[in-house]
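Asks:
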Amino acid sequence: MKRLLMNKFVIGLFCTLLALPALAQEDELKNLAGYVDFGDLSATYGEPKITINLGGTMLNFVGMMSSSESPETSEMISKLKGIRVQIFSIEENTDAARDQFSETKSHLKSSGWEPIVQVNEDDEQVLVYMKAIDGNMEGMTVMVVDEEEAVFVNVIGQLNPAELAQVMDKFDVNVDLDMD
Amino acid sequence: MNEYDEKREDLINALMDGELSATDAELLKVEASDDRELARAIIEAYQLQLEMDAIRVERAPDSLRKRLRAIPREHRPAPVFSLLQPRWAMALAAIPLVVIVVSLMQPDTPSASEVARARQEMAIAFAYLDKAGAITGREIESSVGHTMADAVTDSVNRVIKSQNLNSKEKEA
């Protein structure tokens, strides 16, 4: 009987310890005030064509690597706690994406997020929300839905768009964006 | 019992146990043919031996045997540490598991390629932010004209920047 209890204890302890790192990583961003749950569109559109989840630890490393070549970029990154991106290819089936868009918008409003920019065109919707607590910027959320894709971006931490435009030139990245 | 009787009993016992030499056994046989009392004693001893052999040895119940076997162990001083004990064996088996789990929990230092990939991903995220900014700028411009668009964009940037300045002041 004692041995059985001991076995159960060891197995339970092992399972708990094994689950901790995954839970900790997930919670690292979820517990932050600037985190936004975008829901799940994969049931309608399949897996996202782009998924990005960068936590504070990785961003710190990116910031450190950038410090020598661009102190401004490093300074900007140091204020970020996480970056999450989900991009779905929707191919003119915009209904589910627009529903998710509305649902997330309601959620943001009820969670103390402030709308900064809102564009409502027939073929294109853009929302930019920001959350601040006691005057401190905690996060920014950008959602774009057009005829081809649904884009959900959540930046956790402080980000100044003016600084962003300045440091974009420093990144040697070719991103094919449809700007029609 | 006199000395003669004792000697005779020893001989009979030796005969029964098969320890008597063939010569002595023959002598005892000859003697018994003349001595009825000796002959009766040998027969009685033989019958007793047969009866003894006929007695079946019964096996003790398992529970009793287990308890009897445990008695010496109970009186033995308990070993303080033995790797063969189940609890210590399990503890030893758990050590590698704990080491693996703890190592998984440690924040790994990412490789240069992982950091480069993260930088690329961050750039993609920023590019999409830029795209959203461009769309909103274009919409504002088409609605209110270029001059007003700049004013609105600057105003939005000021609002966001003021939040950052506020944070900096609080940090200071």
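In the order they appear, the protein sequences are chains W and G.
Here the first sequence is numbered in my numbering, starting from 130 and rising by one per residue.
Here the second sequence is numbered in my numbering, starting from 761 and rising by one per residue.
Backbone N, C-alpha and C define an ideal beta-carbon position, used for all residues, glycine too.
What residues of chain G sit near VAL348(W), judged by a beta carbon separation below 8 Å?
Replies: Residue 348(W) falls outside the range modelled here, since chain W spans only 130 to 309, and no answer is possible.
Asks: GLY192(W) to TRP848(G), Cα distance in whole Å?
Replies: Stepping through the first sequence from its first residue, residue 192(W) is reached at position 63. Stepping through the second sequence from its first residue, residue 848(G) is reached at position 88. One C-alpha to the other measures close to 47 Å.
Asks: Under 8 Å by Cβ, that's how I've got VAL165(W) and ALA885(G) pegged, so tell me the actual separation to the nearest angstrom.
Replies: Taking the first sequence and counting its residues from 1, one reaches residue 165(W) at position 36. Taking the second sequence and counting its residues from 1, one reaches residue 885(G) at position 125. In fact, because the Cβ distance is near 14 Å, the residues do not count as touching under 8 Å.
Asks: Taking the alpha carbon of ASN189(W) as the point to measure from, which residue in LYS210(W), ASP263(W), THR173(W) and VAL273(W) has its own alpha carbon closest?
Replies: Reading the first sequence from its first residue, position 60 is the one you call residue 189(W). Among LYS210(W), ASP263(W), THR173(W) and VAL273(W), the Cα nearest to that of ASN189(W) is on LYS210(W).
Asks: Comparing C-alpha positions only, which one of ASP777(G), LYS891(G), LEU798(G) and SER871(G) sits nearest to ASP813(G)?
Replies: For the purposes of this step, residue 813(G) is identified with residue 53 of the second sequence, where counting begins at 1. Residue ASP777(G) is the option with its Cα nearest to ASP813(G).
Asks: Enumerate in chain order the residues of its own chain whose CB-to-CB distance from THR173(W) is below 7 Å, with the five nearest sequence positions on each side excluded.
Replies: For this step, residue 173(W) is matched to residue 44 along the first sequence. Within the same chain, ALA225 come within 7 Å of THR173(W) by CB-CB distance, once the 5 residues on both sides are set aside.
Asks: Cβ of VAL271(W) less than 7 Å from any chain G Cβ?
Replies: In the first sequence, residue 271(W) corresponds to position 142, counting from 1. Chain G contact via Cβ: present.
Asks: Using the beta-carbon count (16 or more within 10 Å), is ILE815(G) buried or exposed?
Replies: Start at 1 with the first residue of the second sequence, and residue 815(G) comes out as number 55. Burial call: exposed.
Asks: Run the CB neighbour count on LYS767(G), radius 10 Å, all protein chains shown included, and call it buried at 16 or more, exposed below.
Replies: Within the second sequence, numbered from 1, the residue matching residue 767(G) stands at position 7. When all chains shown are included, LYS767(G) counts as exposed.
Asks: So, with DSSP's three-state summary, where would you put SER218(W)?
Replies: In the first sequence, counting from the first residue as 1, residue 218(W) sits at position 89. Correct three-state label for SER218(W): strand.
Asks: Looking at C-alpha atoms only, which residue of GLY163(W), ARG213(W) and SER197(W) is the closest neighbour of THR180(W)?
Replies: Looking up residue 180(W) in the first sequence gives position 51. Checking every option, the nearest Cα to that of THR180(W) belongs to ARG213(W).
Asks: Excluding the 5 residues preceding and the 5 following ALA148(W) in the sequence, name in chain order all residues of the same chain whose CB lies nearer than 7 Å to its CB.
Replies: What you label residue 148(W) is simply residue 19 of the first sequence in a count that begins at 1. Model confidence at ALA148(W) stands at a pLDDT of 45, short of 50, so the residue's coordinates are unreliable; what they give is reported in the following sentence. Counting only Cβ-Cβ distances below 7 Å, and skipping sequence neighbours, we find nothing.
Asks: Roughly how many angstroms separate the alpha carbons of ALA820(G) and LEU788(G), rounded to a whole number?
Replies: Within the second sequence, residue 820(G) is the residue found at index 60, counting from 1. Within the second sequence, residue 788(G) is the residue found at index 28, counting from 1. Using only the alpha carbons, I get a separation of about 41 Å.
Asks: Report the CB separation of GLY163(W) from GLY268(W) in whole angstroms; it is logged as a contact under 8 Å.
Replies: Along the first sequence, one-based indexing puts residue 163(W) at 34. Along the first sequence, one-based indexing puts residue 268(W) at 139. Going by Cβ atoms, the distance from GLY163(W) to GLY268(W) rounds to 2 Å, so yes, they are a contact pair.
Asks: Looking at GLU278(W) and SER239(W), is the spacing between their C-beta atoms short of 7 Å?
Replies: As a first step, residue 239(W) is located in the first sequence; it is residue number 110 there, counting from the start. As a first step, residue 278(W) is located in the first sequence; it is residue number 149 there, counting from the start. For SER239(W) and GLU278(W), no; Cβs fall outside 7 Å.
Asks: Nearest CA to the CA of PHE184(W): which residue from TYR258(W), LYS260(W), VAL296(W) and GLY286(W)?
Replies: As a position in the first sequence, residue 184(W) is number 55, starting the count at 1. Before going further, note that residue 184(W) is Gly rather than Phe in the sequence given. Ranking the options by Cα distance to GLY184(W), first place goes to GLY286(W).
Asks: From the DSSP output, which residues share a beta bridge with THR180(W)?
Replies: The residue you call residue 180(W) lines up with position 51 of the first sequence. Looking at the DSSP assignment, THR180(W) forms a beta bridge with GLN215(W).
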